[in-house]
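Here is the structure we will look at, set down as structure tokens.
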Amino acid sequence: MAGSNHTASRGYDIIGDIHGCANTLARLLEQMGYSKVNGVYQHRRRQAVFIGDIIDRGPRIREALHLVRNMVERGSARIVMGNHEYNALGYCTRARAGSGRTWLREHNPRHDRLIRETLDQFEAHPHEWNDFLEWFYTVPLFIEEDDFRAVHACWDGELIEKFKEVQGSACIDEDFLHASAAIDSFAGQVMDTLLRGTDLRLPQGMKITGRDGYVREFFRTKFWADNPHTYADVVFQPDPLPTEVASRVLAEHERKQLISYPLDAPPVFVGHYWMDSEPAPLRSNVACIDFSAVKYGRLVAYRMDGERVLSRDKFVWVNVARDHRDSPDYPISEDSVAR
């Protein structure tokens, strides 16, 4: 999906994980100069790029999906798939005969909980939900322009090139979805790496419990670490590693598992990781724009204008306050709108 170099003349606003915060998204778009034309947000000179995870968790999932899809279909936005859209496809798709399973994504308590708000909010609109599931197949896994890239969790250049050869585009189809249910398959590796990120196994017998209560034997890693030596050099997740683990020296086989994103590659934007610091580039050409909006964090965008070195000054956001949960998207006061 390579495209022509036109960012400098048009400009893109890359927007982080929304998770059903439709009213907060509208505030961010309006803050950036977007306005409704025939009911759809657009900008005279810029285009929004959504980093995925429009659904699940939040109070206005249906409204967020309509807002985003309308913008995409009008041409005022683009979008890449998030792991939550992928999860929804698997959860709502029956497995094929002989697979040994009923659904592609198991209907267990954890998976039920993750998608519950989405299914509840579409309960009275089943045809709409089925239509959105079909639309997810048209959402690319990545965007690759001459001067920037976007993917939900991890840019793995080799995997993406192979995917383009296999699929002939940046989108999956139903056969690829079914194939991806086997995590060790090529399809499974593509979906897990690009939409969830890379990881390393913790030392033998060690487990960590995240803020979400989920017990993990792996920790998420950077895909841009330069010459790392310890676990602390590569860990990239909301939950810190125990001190004694963070100082552990990487073994050679662990170093070989890591991905390195070149410093001279175009800037790449990701979401997914629930950042809670002041928005800033992770590196001169890497930025995460997911700042936990649905957990009372910030809904963040980066205003991209073709620069090769990303700048802290190009981030904009809307804060989400904890007060009055029953009001639109946890309403905020005027002084909580930043930059």
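Sequential numbering of the sequence shown, starting at 36, is according to my numbering.
Beta carbons are placed, not taken as given, at the ideal position from N, Cα and C, and that holds for glycine.
Which residue marks the beginning of the beta strand (DSSP E) containing residue i, and which one marks its end?
{"i": "phenylalanine 85", "result": "82-85"}
{"i": "leucine 235", "result": "233-236"}
{"i": "glutamine 77", "result": "75-77"}
{"i": "methionine 106", "result": "Not the beta strand (DSSP E): methionine 106 falls in the alpha helix (DSSP H), residues 96-109."}
{"i": "arginine 338", "result": "333-339"}
{"i": "lysine 71", "result": "70-72"}
{"i": "isoleucine 90", "result": "Unbroken run through isoleucine 90: none, as it is neither H nor E."}
List the whole-angstrom C-beta distance separating residue i from residue j, where the pair is believed to meet the contact cut-off of C-beta under 8 Å.
{"i": "cysteine 206", "j": "tyrosine 249", "result": "At roughly 29 Å, the Cβ-Cβ gap does not stay under 8 Å, so cysteine 206 and tyrosine 249 are not in contact."}
{"i": "arginine 338", "j": "aspartate 48", "result": "5 Å"}
{"i": "arginine 140", "j": "histidine 213", "result": "Not confirmed; about 11 Å, so no contact."}
{"i": "leucine 60", "j": "alanine 99", "result": "6 Å"}
Would DSSP call residue i helix, strand or coil?
{"i": "valine 305", "result": "strand"}
{"i": "alanine 159", "result": "coil"}
{"i": "aspartate 268", "result": "helix"}
{"i": "glutamate 141", "result": "coil"}
{"i": "alanine 373", "result": "Confidence at alanine 373 is low in this model, with a pLDDT of 41, below 50, so its placement is unreliable and the value that follows should be read with caution. Strand."}
{"i": "serine 220", "result": "coil"}
{"i": "threonine 244", "result": "strand"}
{"i": "alanine 123", "result": "helix"}
{"i": "aspartate 261", "result": "coil"}
{"i": "phenylalanine 171", "result": "helix"}
{"i": "arginine 347", "result": "helix"}
Which stretch, first to last residue, makes up the alpha helix (DSSP H) that contains residue i?
{"i": "tryptophan 352", "result": "Note, tryptophan 352: premise wrong, no alpha helix (DSSP H); beta strand (DSSP E) at 350-354."}
{"i": "valine 280", "result": "278-281"}
{"i": "aspartate 52", "result": "Aspartate 52 -> no alpha helix (DSSP H), and no H or E assigned at all."}
{"i": "glutamate 179", "result": "No alpha helix (DSSP H) holds glutamate 179; the beta strand (DSSP E) holding it covers 177-179."}
{"i": "valine 10", "result": "Residue coverage of the chain in this structure runs from 36 to 374, which leaves residue 10 outside it and unanswerable."}
{"i": "phenylalanine 253", "result": "First-last for phenylalanine 253: 253-256, but that is the beta strand (DSSP E), not the alpha helix (DSSP H)."}
{"i": "arginine 290", "result": "287-292"}
{"i": "alanine 214", "result": "209-215"}
{"i": "arginine 62", "result": "57-66"}
Can you tell me the Cα-Cα spacing of residue i and residue j, whole angstroms?
{"i": "tyrosine 121", "j": "alanine 159", "result": "22 Å"}
{"i": "aspartate 52", "j": "arginine 136", "result": "30 Å"}
{"i": "alanine 356", "j": "glycine 332", "result": "8 Å"}
{"i": "glutamine 239", "j": "leucine 64", "result": "47 Å"}
{"i": "arginine 62", "j": "isoleucine 294", "result": "36 Å"}
{"i": "aspartate 155", "j": "lysine 291", "result": "43 Å"}
{"i": "lysine 199", "j": "valine 107", "result": "22 Å"}
{"i": "aspartate 147", "j": "aspartate 247", "result": "15 Å"}
{"i": "glycine 341", "j": "arginine 45", "result": "9 Å"}
{"i": "glutamate 287", "j": "valine 269", "result": "14 Å"}
{"i": "glutamine 224", "j": "phenylalanine 211", "result": "11 Å"}
Could you check which residue in the options has the C-alpha nearest to that of residue i?
{"i": "aspartate 325", "options": "Val351, Arg343, Val344, Ala300", "result": "Val351"}
{"i": "proline 301", "options": "Asp181, Val335, Ala132, Asn165", "result": "Asp181"}
{"i": "phenylalanine 221", "options": "Ala61, Gly74, Val201", "result": "Val201"}
{"i": "alanine 188", "options": "Ser111, Val335, Phe258, Arg92", "result": "Phe258"}
{"i": "glutamate 252", "options": "Leu235, His264, Glu287", "result": "Leu235"}
{"i": "arginine 92", "options": "Phe157, Thr256, Ile150", "result": "Ile150"}
{"i": "phenylalanine 183", "options": "Leu285, Tyr69, Val84, Ser70", "result": "Val84"}
{"i": "glutamate 193", "options": "Ala328, Tyr296, Phe304", "result": "Tyr296"}
{"i": "alanine 328", "options": "Arg80, Pro94, Arg81, Gly74", "result": "Pro94"}
{"i": "cysteine 127", "options": "Ile114, Leu317, Asp166", "result": "Asp166"}
{"i": "methionine 67", "options": "Asn105, Ile96, Gln77", "result": "Gln77"}
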